[in-house]
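Just below is one structure, and these are the notes that go with it.
Number of protein chains: 2
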Amino acid sequence: MTTAPIDRRQRRRQETIEEVLDVAAAIMAEQGAAGLSLGEIARRMGIRPPSLYVYFPSKHAVYDALFARGAQSLLDVIQDADRTDLEKLTTFDAFLLGAAGVFVRWSVEHPAYSQLLFWRPVPGFAPSPEAYRPAVELLGLTTQRFADLQHRGLVRRDVPPEQVTRDWTVLSSGVTSQQPSNAPDESFDTGRFVQALPDLVAMFARYYSEPRSTAARGRASRADQR
Amino acid sequence: MTTAPIDRRQRRRQETIEEVLDVAAAIMAEQGAAGLSLGEIARRMGIRPPSLYVYFPSKHAVYDALFARGAQSLLDVIQDADRTDLEKLTTFDAFLLGAAGVFVRWSVEHPAYSQLLFWRPVPGFAPSPEAYRPAVELLGLTTQRFADLQHRGLVRRDVPPEQVTRDWTVLSSGVTSQQPSNAPDESFDTGRFVQALPDLVAMFARYYSEPRSTAARGRASRADQR
DNA sequence: GTCTATATGACGATAGAC
DNA sequence: GTCTATCGTCATATAGAC
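So the protein lines, in turn, are chains A and B. Read in the working numbering, the first sequence has 206 at position 206, and its numbers run on one by one without any break. Read in the working numbering, the second sequence has 344 at position 118, and its numbers run on one by one without any break.
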């Protein structure tokens, strides 16, 4: 009899927190990540700015929750694609192009989140370790993916998977950094930098894939170098 | 007799404008591009905030001048390196690594400027065409460079130079976007993403260089001898 | 012409009434 | 849990001293 109202109150509180974040994400999408203001959140919710402090101790706490939300959303999208579409793609090129497409599409369609996640547009704000955790998990997932591909003989064996991941993130973030700043109104399908993906993936694949027709020669020459 | 005081006054005014921009750039370097405030500029200059409006009609005008300054500084650095160091490098790989190094070094050592130039951290601010002009000129310069390398037989002839430039800027901006957001305290020499440059350049060069085993080798070596 | 003094409204944040 | 009142700071604007 005493726990039921508490649960309901906590559920109601959680719903309000979610509503704050929904409204905040909408404002960020319109004004840019640094254009968020507590007054505007309160205005759209029909309350006064001080009432927001019941749910968040500061504006940075709102940013931190948004960061965690964005990172989790991206991780979900990647993991979901990993389990469905990408599982079917057997060649190195096809898998890479599919994975890059999923990542870049999310970034282009959530420019405010990707601005908050990958750049540092808000002065004085840095994500907490908890908010950063899904991003670290995504990095580990990517490295594990490349290690798997290496074991399956699709990736060169003479480089650590961490290096492959590092260069892969540079390529991906290069596209997601050029597209919104140079041509923010282009969609995923029409974006001129998004259209660079097939070439960039082919470039990456040619460099890091295990040479097929010359596999024996490649191993022999690398062995000779020792 | 009447022009002399006017010239001196205009020179004094120009000096004040330069001082405003010096101070503003220092604040941006400390606080991030969006952390600039007119009050802080005035405080450091020992004047009152309204006095700044004598030299700049708005805060966005200060940002616009900073954008123009940063773009011009980058263009100067690239053009200078183009005329001196890079002129000596004859192979495709060596030239690319040198050019990428100059660009990335400038970006890492001027994080606030590069944030303002390549991302859109300030809500509501977009550079004017005049401020953007050096950036356009740099893009044209880069495309011209790749067209030259194509004529000298060092770059594949089956792709337009604009495509080579597009993929080149993705690589470069990928490094300059990852380095300050993921490891802002690392220098040009220790930066883990800066250290990816040799691999990324080799990847790019292997994809876009004219295959050596064809007749292009004769043309390339003749061009190198000039 | 250039500055100081002053005013306005928005911002993030806090204290306390109900 | 939401409000009003308030604080200090911000960008911006105008009036007026010199």
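In this text, a Cβ means the ideal position worked out from N, Cα and C, and glycines have one as well. From a predicted model like this one, the values you see are computed outputs, not experimental measurements.
Residue i: contacting residues in chain A (beta-carbon distance under 8 angstroms)
i                : result
ILE359 (chain B) : Note on residue identity: the sequence assigns Arg, not Ile, to residue 359 (chain B). Chain A residues near ARG359 (chain B): none, gap ~15 angstroms exceeds 8 angstroms.
TRP332 (chain B) : Going along chain A, no residue has its Cβ under 8 angstroms from TRP332 (chain B), so there is no contact; the nearest lies around 16 angstroms.
GLN370 (chain B) : Those do not exist, as GLN370 (chain B) stays about 19 angstroms from chain A at its closest Cβ, beyond 8 angstroms.
PHE293 (chain B) : The contacting residues do not exist; PHE293 (chain B) stays about 12 angstroms from chain A at best.
Reduced DSSP category for residue i - H, G, I as helix; E, B as strand; rest coil
i                : result
VAL348 (chain B) : coil
SER209 (chain A) : strand
VAL235 (chain A) : Residue numbering for chain A in the displayed model covers 1 to 226; residue 235 (chain A) lies beyond these limits and cannot be assessed.
ASP189 (chain A) : coil
GLY258 (chain B) : coil
HIS110 (chain A) : coil
TYR281 (chain B) : coil
GLY46 (chain A)  : coil
ALA183 (chain A) : coil
PRO160 (chain A) : coil
SER299 (chain B) : helix
PRO127 (chain A) : coil
LEU364 (chain B) : helix
LEU315 (chain B) : coil
SER263 (chain B) : coil
THR310 (chain B) : coil
GLN341 (chain B) : helix
Partner residues on chain B for residue i, Cβ-Cβ distance less than 7 angstroms
i                : result
ALA183 (chain A) : Ordered by position in chain B, no residue passes the 7 angstroms Cβ test against ALA183 (chain A), which lies about 11 angstroms from the chain.
LEU200 (chain A) : ASP393, VAL396
PHE92 (chain A)  : The premise fails here: PHE92 (chain A) is roughly 14 angstroms from chain B at the closest Cβ pair, so nothing lies under 7 angstroms.
ARG8 (chain A)   : Within 7 angstroms Cβ-Cβ: nothing; ARG8 (chain A) doesn't reach chain B, min ~39 angstroms.
ALA196 (chain A) : ARG392, ASP393, VAL396
Closer than 9 angstroms at the beta carbon, the chain B residues around residue i
i                : result
TYR113 (chain A) : Ordered by position in chain B, no residue passes the 9 angstroms Cβ test against TYR113 (chain A), which lies about 14 angstroms from the chain.
GLY193 (chain A) : According to the sequence as given, residue 193 (chain A) is Phe; it is not Gly. Under the 9 angstroms cutoff, chain B gives ARG392, THR395, VAL396.
TYR55 (chain A)  : None at all; the shortest Cβ gap to chain B is about 24 angstroms.
Residue i burial status per 10 Å Cβ neighbour count (16 or more: buried)
i                : result
PRO211 (chain A) : exposed
GLY366 (chain B) : exposed
GLN341 (chain B) : buried
VAL420 (chain B) : buried
ALA170 (chain B) : This structure cannot settle anything about residue 170 (chain B), because the visible part of chain B is limited to 227 through 452.
GLN10 (chain A)  : exposed
VAL54 (chain A)  : exposed
THR91 (chain A)  : exposed
ASP64 (chain A)  : buried
SER407 (chain B) : buried
ARG120 (chain A) : buried
THR395 (chain B) : buried
ARG371 (chain B) : buried
HIS520 (chain B) : The structure shown does not extend to residue 520 (chain B), since chain B spans only 227 to 452, so no value can be given for it.
ARG166 (chain A) : buried
THR416 (chain B) : exposed
ALA126 (chain A) : exposed
SER333 (chain B) : buried
PRO111 (chain A) : buried
THR379 (chain B) : The amino acid occupying residue 379 (chain B) in the given sequence is Gly; Thr does not appear at that position. When all chains shown are included, GLY379 (chain B) counts as buried.
VAL136 (chain A) : exposed
ALA326 (chain B) : buried
THR310 (chain B) : exposed
Listed by chain order, chain B residues near residue i by CB distance under 8 angstroms
i                : result
GLY35 (chain A)  : PRO349, GLY350
PHE95 (chain A)  : Ordered by position in chain B, no residue passes the 8 angstroms Cβ test against PHE95 (chain A), which lies about 18 angstroms from the chain.
PRO63 (chain A)  : It is Tyr, not Pro, that sits at residue 63 (chain A) in the sequence shown. Per Cβ cutoff of 8 angstroms: no residues; TYR63 (chain A) is ~13 angstroms from chain B at best.
PHE188 (chain A) : Ordered by position in chain B, no residue passes the 8 angstroms Cβ test against PHE188 (chain A), which lies about 16 angstroms from the chain.
ARG11 (chain A)  : Neighbours of ARG11 (chain A) on chain B: none; closest Cβ ~34 angstroms, over 8 angstroms.
Interface partners of residue i on chain A, CB under 9 angstroms
i                : result
GLY298 (chain B) : As written in the sequence, residue 298 (chain B) is Gln, which differs from the Gly given in the question. Under the 9 angstroms cutoff, chain A gives no residues; its nearest Cβ is about 19 angstroms from GLN298 (chain B).
GLN389 (chain B) : ALA196, ASP199
ARG309 (chain B) : Within chain A, no residue comes near ARG309 (chain B); the closest Cβ sits about 27 angstroms away, beyond 9 angstroms.
Proximal residues of chain A, C-beta to C-beta of residue i below 7 angstroms
i                : result
PHE430 (chain B) : MET203
PHE329 (chain B) : Result: empty, since nearest Cβ-Cβ is about 13 angstroms, beyond 7 angstroms.
ARG438 (chain B) : In chain order: nothing, as chain A lies at least about 15 angstroms away.
Report the residues of the stretch 147 to 161 of chain A with a CB closer than 7 angstroms to any CB of chain B, ordered along the chain.
Residues: none.
Please name the residues in the stretch 393 to 404 of chain B whose beta-carbon is closer than 9 angstroms to at least one beta-carbon of chain A, in chain order.
ASP393, THR395, VAL396, LEU397, SER398, SER399, GLY400, VAL401, THR402, SER403, GLN404
Taking only beta carbons into account, state which residues of the stretch 18 to 51 of chain A come closer than 7 angstroms to chain B, listed in chain order.
GLN31, GLY32, ALA34, GLY35
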